[in-house]
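The opening position of the sequence shown corresponds to residue 103 in this note's numbering, with each subsequent residue numbered one higher. Read through the structure below, which is laid out as structure tokens, and then see the notes.
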Amino acid sequence: MPIGGFVINIDPTSKEKVLQELEKLEGVEIYGSDSRGNIVAVIDSETSEEMESSVEKISAINGVLTVGLTYLHAEDEVEKI
């Protein structure tokens, strides 16, 4: 079960709309944001493929500029190998 921390850079004028869209995504939890267009989020997923899919969905949200991984913990997946 991978868990990743991300900084999502957005157009600051789109902040409310982006936050609303992020709240709709399963496994995505918002931990904070600032007025410069940075959102701190954690994605908790069952597989690395699900996490990749979540990142792609976030990247496709209008107003999102970049999605940057800051940490990744995937102990359960490593144990399965």
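All C-beta atoms, glycine included, are put in the ideal place defined by N, C-alpha and C.
- Under the criterion of beta carbons closer than 8 angstroms, G129 and I141 do not qualify as touching, at roughly 15 angstroms.
- By the C-beta density criterion, L171 is exposed, having fewer than 16 other C-beta atoms within 10 angstroms.
- In the DSSP assignment, N164 is bridged to no other residue.
- Classified as buried, L124 has 16 or more neighbouring CB atoms from the shown chains inside 10 Å of its CB.
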